[in-house]
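Trainee: Quick one: the structure is below, questions incoming.
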Amino acid sequence: EITKEQQALMKLIVDAYNKHQIPHDFAKKLLQEQYGAEENFLLLTEVATSQVQVLVEFTKSIPGFLSLDHEDQIALLKGSAVEATYLRSAQVLSKKMPTGHVQLLEERIRKSGISEEFITPMFSFYKSIGELHMVQEEQALLTAVTVLTPDRPYVKDQQAVERLQETMLDVLRKLCALQHPQEPQYFARLLGRLTELRTLNHYHAEMLTSWRTN
Amino acid sequence: PASNLGLEDIIRKALMGNLED
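In the order they appear, the protein sequences are chains Z and R. Under my numbering, think of the first position of the first sequence as 17, with each following residue one higher. Under my numbering, think of the first position of the second sequence as 33, with each following residue one higher.
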């Protein structure tokens, strides 16, 4: 059973998640104009920057986050930005979109100079997120759980972060049970995606190095 | 350009609220 307080928390987080989206202009550019590899690279870096800003705005709305030590706030965001961005992209790509949009976005990523060894795990992750058919509440809470990971580098007060993360996990666990009564493993599957995200984070660092060199 | 700004700078600026910088 989800308590009234948990329901209020969930609403707050979903509202914040929906409110903070990448600017419409970017989305439009991504879908409308044809670019070569170099322009795709530049566009994707701009979008990535915008996604980090969106992530920060969302995170500021998570109750308790701004009460954490300021440097810990930065450490958490720095440690989770890549994972949260992949998560958001996966959710965008698994949304229902007009015909051809998903293919166009995929093409843009594939033709931006990223080598195939990184593209494969990236798209495999996008696919595995799509298969979960998460509701908005689950997406928003999973993103909050990702940001509030206590063992990121340079986090000093891990216990304070853990308490916040536990609050989110508790709501998410209850929500999964309510949303997917036929699938008792659903919550565990969501947490499994977080492990997959950590692997992607590792790939991402290597990918950036090779991308810059190219 | 934004692509030359480090991740930490982007985060610090966004946390302080001056996105337009």
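Using N, Cα and C, we set each Cβ at its ideal position, and we do this for glycine too.
Please identify the residue among Z:Met-184, Z:His-220, Z:Thr-65 and Z:Gly-208 whose C-alpha is closest to the C-alpha of Gln-23 of chain Z.
Mentor: Start at 1 with the first residue of the first sequence, and residue 23 of chain Z comes out as number 7. Out of Z:Met-184, Z:His-220, Z:Thr-65 and Z:Gly-208, Z:Met-184 has the C-alpha closest to the C-alpha of Gln-23 of chain Z.
Trainee: Evaluate the contact criterion for the stretch 111 to 129 of chain Z versus the stretch 158 to 167 of chain Z: three or more CB pairs, one atom per stretch, below 8 Å.
Mentor: Contact fails: fewer than three Cβ-Cβ distances are below 8 Å.
Trainee: Is the CB of Val-68 of chain Z under 9 Å away from at least one CB in chain R?
Mentor: Position 52 of the first sequence, counting from 1, holds the residue named residue 68 of chain Z. Answer yes: the Cβ-Cβ gap between Val-68 of chain Z and chain R drops below 9 Å somewhere.
Trainee: With the cut-off set at 9 Å, would you say Leu-213 of chain Z and Leu-71 of chain Z are in Cβ contact?
Mentor: As a first step, residue 213 of chain Z is located in the first sequence; it is residue number 197 there, counting from the start. As a first step, residue 71 of chain Z is located in the first sequence; it is residue number 55 there, counting from the start. Taking 9 Å as the Cβ cut-off, Leu-213 of chain Z and Leu-71 of chain Z do not qualify as a contacting pair.
Trainee: Reducing DSSP to helix, strand and coil, say where Glu-99 of chain Z ends up.
Mentor: One-based indexing of the first sequence puts residue 99 of chain Z at position 83. Helix at Glu-99 of chain Z.
Trainee: Quick one: list the residues of chain R neighbouring Gln-89 of chain Z, beta-carbon separation under 8 Å, in chain order.
Mentor: The residue you call residue 89 of chain Z lines up with position 73 of the first sequence. Residues of chain R passing the Cβ test: Leu-47.
Trainee: Determine the burial state of Thr-136 of chain Z: buried for a count of at least 16 other Cβ atoms within 10 Å of its Cβ, exposed for fewer.
Mentor: Taking the first residue of the first sequence as position 1, residue 136 of chain Z is located at position 120. So Thr-136 of chain Z counts as exposed.
Trainee: Can you look up Val-108 of chain Z in the DSSP assignment and give me helix, strand or coil?
Mentor: Here residue 108 of chain Z refers to the residue found at position 92 when the first sequence is read from its first residue. The answer is helix: DSSP assigns Val-108 of chain Z an H, G or I state.
Trainee: Assuming Val-63 of chain Z contacts Ile-90 of chain Z under a Cβ cut-off of 8 Å, what Cβ separation, rounded to an integer in Å, is found between them?
Mentor: By one-based count along the first sequence, residue 63 of chain Z stands at place 47. By one-based count along the first sequence, residue 90 of chain Z stands at place 74. Actually they do not touch by this definition, with Cβ atoms about 22 Å apart.
Trainee: If we ignore side chains and look at the alpha-carbon of each, how far apart do Arg-228 of chain Z and His-220 of chain Z end up?
Mentor: Numbered from 1 along the first sequence, position 212 holds the residue referred to as residue 228 of chain Z. Numbered from 1 along the first sequence, position 204 holds the residue referred to as residue 220 of chain Z. Distance between the alpha carbons of Arg-228 of chain Z and His-220 of chain Z: 12 Å.
Trainee: Is the CB of Thr-229 of chain Z under 9 Å away from at least one CB in chain R?
Mentor: The residue labelled residue 229 of chain Z in the question sits at position 213 within the first sequence. The beta carbon of Thr-229 of chain Z sits no closer than 9 Å to any beta carbon of chain R.
Trainee: Relative to the alpha-carbon of Leu-39 of chain R, which residue among Z:Met-150, Z:Gln-50 and Z:Gln-69 has its alpha-carbon at the smallest distance?
Mentor: For the purposes of this step, residue 39 of chain R is taken as residue 7 along the second sequence, with counting starting at 1. Of Z:Met-150, Z:Gln-50 and Z:Gln-69, the residue nearest in Cα terms is Z:Gln-69.
Trainee: Could you check how far apart the C-beta atoms of Asn-34 of chain Z and Gln-152 of chain Z are, in whole angstroms? I think they sit under 8 Å.
Mentor: Walking along the first sequence from the start, residue 34 of chain Z turns up at place 18. Walking along the first sequence from the start, residue 152 of chain Z turns up at place 136. Confirmed, Cβ separation roughly 7 Å.
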